[in-house]
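Those letters in the sequence shown? Residues 10 to 451, by our numbering.
Glycine included, C-beta positions come from ideal geometry on N, C-alpha and C.
None of these values were measured; they are calculated from a predicted model.
Inspection log for the structure reproduced underneath, given as structure tokens.
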Amino acid sequence: MNIQLSDHFSYRKLLKFTLPSIVMMVFTSIYGVVDGFFVSNYAGKTQFAAVNLIMPFLMILGTIGFMFGTGGSALVSKTMGEGRKERAQQIFSQLIWTSMLLGVLLSVVGILCLRPVAAALGAKGQMLEDCVLYGRIILAALTAFMLQNEFQSFFVAAERPQLGLMVTVVAGVANMALDALFVAGFRWGIAGAALATAASQVLGGVIPLVYFLRPNTSVLRLVKSRPEGKILLRACANGSSEMMSNLSMSLVSMLYNTQLMKFAGENGVAAYGVLMYVNFVFLAIFIGIGIGSAPIVSYHYGAENHAEMKSLRKKSTVVILLFSAVMFGLAQLLAVPLSRIFVGYDAELTALTCRAFRICSFLFLLAGINIYGSAFFTALNNGLISALISFLRTLVFQVAAVLIFPIFLKLDGVWLSAVAAELLSALVTIAFLAAKKKRYHY
Numbered sequence: 010m011n012i013q014l015s016d017h018f019s020y021r022k023l024l025k026f027t028l029p030s031i032v033m034m035v036f037t038s039i040y041g042v043v044d045g046f047f048v049s050n051y052a053g054k055t056q057f058a059a060v061n062l063i064m065p066f067l068m069i070l071g072t073i074g075f076m077f078g079t080g081g082s083a084l085v086s087k088t089m090g091e092g093r094k095e096r097a098q099q100i101f102s103q104l105i106w107t108s109m110l111l112g113v114l115l116s117v118v119g120i121l122c123l124r125p126v127a128a129a130l131g132a133k134g135q136m137l138e139d140c141v142l143y144g145r146i147i148l149a150a151l152t153a154f155m156l157q158n159e160f161q162s163f164f165v166a167a168e169r170p171q172l173g174l175m176v177t178v179v180a181g182v183a184n185m186a187l188d189a190l191f192v193a194g195f196r197w198g199i200a201g202a203a204l205a206t207a208a209s210q211v212l213g214g215v216i217p218l219v220y221f222l223r224p225n226t227s228v229l230r231l232v233k234s235r236p237e238g239k240i241l242l243r244a245c246a247n248g249s250s251e252m253m254s255n256l257s258m259s260l261v262s263m264l265y266n267t268q269l270m271k272f273a274g275e276n277g278v279a280a281y282g283v284l285m286y287v288n289f290v291f292l293a294i295f296i297g298i299g300i301g302s303a304p305i306v307s308y309h310y311g312a313e314n315h316a317e318m319k320s321l322r323k324k325s326t327v328v329i330l331l332f333s334a335v336m337f338g339l340a341q342l343l344a345v346p347l348s349r350i351f352v353g354y355d356a357e358l359t360a361l362t363c364r365a366f367r368i369c370s371f372l373f374l375l376a377g378i379n380i381y382g383s384a385f386f387t388a389l390n391n392g393l394i395s396a397l398i399s400f401l402r403t404l405v406f407q408v409a410a411v412l413i414f415p416i417f418l419k420l421d422g423v424w425l426s427a428v429a430a431e432l433l434s435a436l437v438t439i440a441f442l443a444a445k446k447k448r449y450h451y
């Protein structure tokens, strides 16, 4: 029996409904991890550093999909909660058509800007050529990547999170298999890794597109729809926090890489790349909980079911705190083996990565409440607070910390910056949750 958004959610039902989104986000994060593993071990640390240097720029261009997905799914779910299902389908459709057009435009712009951006980030010689080669292949599939990000949220709103998980697993397995074939087998190096990722993104974007174009058993289907400026602006405003989060993380990653080039050179960028890969997987669990639970909150907010909203907020908080403790423990235990998996061929780099990992792992105790808090306000269609939490967490606090801490603590200051930013963000998130509980009755 399918779980519906209108149901009452116990802990078991909440975990069952959000689990596909959690696994889906973890698999999506594994794409980059697999690329990093094969590039680092079969192509060398220069190409590995090139991937990590240009990746933030590529992610910036893909943030539109996150914005339309999270902001749009909240709007669609709220509309369904109000009993207007046909209107919900129209909103869903115009968001998909608009993002496809934007994807093509951004692909062209990204390819034209790729070389000067890579050079501005500090890439030179072979590293610069590697950045351009990898980036051009990835950007060719940008539209599909944006759709993949978008459909991750809309599958949940359509009450079919399991289908979203299946699509992500198919794309993830394809990525891993093609990485093994292209990079380890054919020895195509960084180009092979890019081709594997691009192919998996095409699968992840096109399969859901075909599903929603055809008659299906979900509550959503793509229909003819004309763009409405008001709807697009509402979805963008509501999803701006998720776009801001991804955009800021990418910009901050560029700043981190600049600082690391100063204090540790190529090894610092490579170590940071390993941390980012592991962080993507760990933090994907929190993001999955947010994506999986947001449509439920939006639905009951639209239906004015205050008791269920209060129950959802409490249960989600407990789940987040439990996952936070488990992830911190795992990060401390796995620091050495995970470092060796990626850079075990270089003893100095392994030691540097392991130390960085142990310091940064403290952020897992704090990040969950911040990520969920932002997703929760997005679900309530309060894009302003959600964006403010994301803006402070991923940009303001991060930039301030990574510029100030290294002055006194050198390289360790870079690693501590992320922890400090999460701590300050947690204080802000808790303050907003306390201040708005009477307005939203949660």
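CB-CB under 6 Å to residue i, same chain, minus the five flanking residues each way: which ones, in chain order?
i	result
Gly422	Phe414 and Pro415
Tyr449	Leu389
Gln407	Val261 and Ala430
Ser383	Ser250, Ser395, Ile398 and Ser399
Which two residues bound the contiguous alpha helix (DSSP H) that contains residue i?
i	result
Gly213	Gly198 to Leu222
Phe18	Element bounds for Phe18: n/a, residue is neither H nor E.
Thr438	Phe406 to Ala444
Tyr381	Phe373 to Ala388
Ala279	Gly274 to Gly311
Val182	Pro170 to Asp188
Asn391	Premise fails: Asn391 is in no alpha helix (DSSP H) and is neither H nor E.
Leu130	Neither: Leu130 is in no alpha helix (DSSP H) and is coded neither H nor E.
Which class does residue i belong to by DSSP, given the choice of helix, strand or coil?
i	result
Ile12	coil
Pro65	helix
Pro236	coil
His450	coil
Leu137	helix
Arg349	helix
Glu95	helix
Phe195	coil
Leu229	coil
Asp355	coil
Asn266	helix
Ala58	helix
Determine the burial state of residue i: buried for a count of at least 16 other Cβ atoms within 10 Å of its Cβ, exposed for fewer.
i	result
Ile439	exposed
Val327	exposed
Gln13	exposed
Gly238	exposed
Gly119	buried
Ala244	buried
Leu391	In the sequence as displayed, the identity of residue 391 is Asn instead of Leu. It is buried - the Cβ of Asn391 has at least 16 other Cβ atoms within 10 Å.
Gly81	buried
Gln135	exposed
Gly248	buried
Going by the CB atoms, is the gap between residue j and residue i shorter than 7 Å?
i	j	result
Phe332	Ile294	yes
Ala340	Ser370	yes
Ala312	Gly90	yes
Val165	Gly301	yes
Val85	Ile100	yes
Thr107	Ser162	no
Phe386	Ser399	no
Val352	Ala58	no
Ala376	Glu431	yes
Leu156	Gly214	yes
Ile378	Ala435	yes
Ala127	Leu137	yes
Leu212	Ala180	yes
Leu130	Met263	yes
Phe289	Val192	no
Closer than 8 Å by C-beta to residue i: which residues in its own chain qualify, once you throw out the five before and the five after it? Chain order, please.
i	result
Leu142	Ile199, Ala200 and Ala203
Tyr310	Lys87, Gly90, Met318, Ala388, Leu389, Asn390 and Tyr449
Compare the C-beta of residue i against all C-beta atoms of chain D and say whether one is closer than 7 Å.
i	result
Thr359	Absent from the structure: chain D. Only one protein chain is present.
Could you pull out every residue in the same chain whose Cβ sits closer than 7 Å to the Cβ of residue i, ignoring the five residues on either side in sequence?
i	result
Gln98	Leu229, Arg230 and Val232
Trp424	Ala365, Ile368 and Cys369
Arg145	Ile120 and Leu123
Tyr381	Phe295, Ile298, Gly299, Ser325 and Ile329
Gln268	Val411, Pro415 and Val423
Asn184	Tyr40, Val43, Ala205, Thr206 and Ser209
Leu218	Leu156
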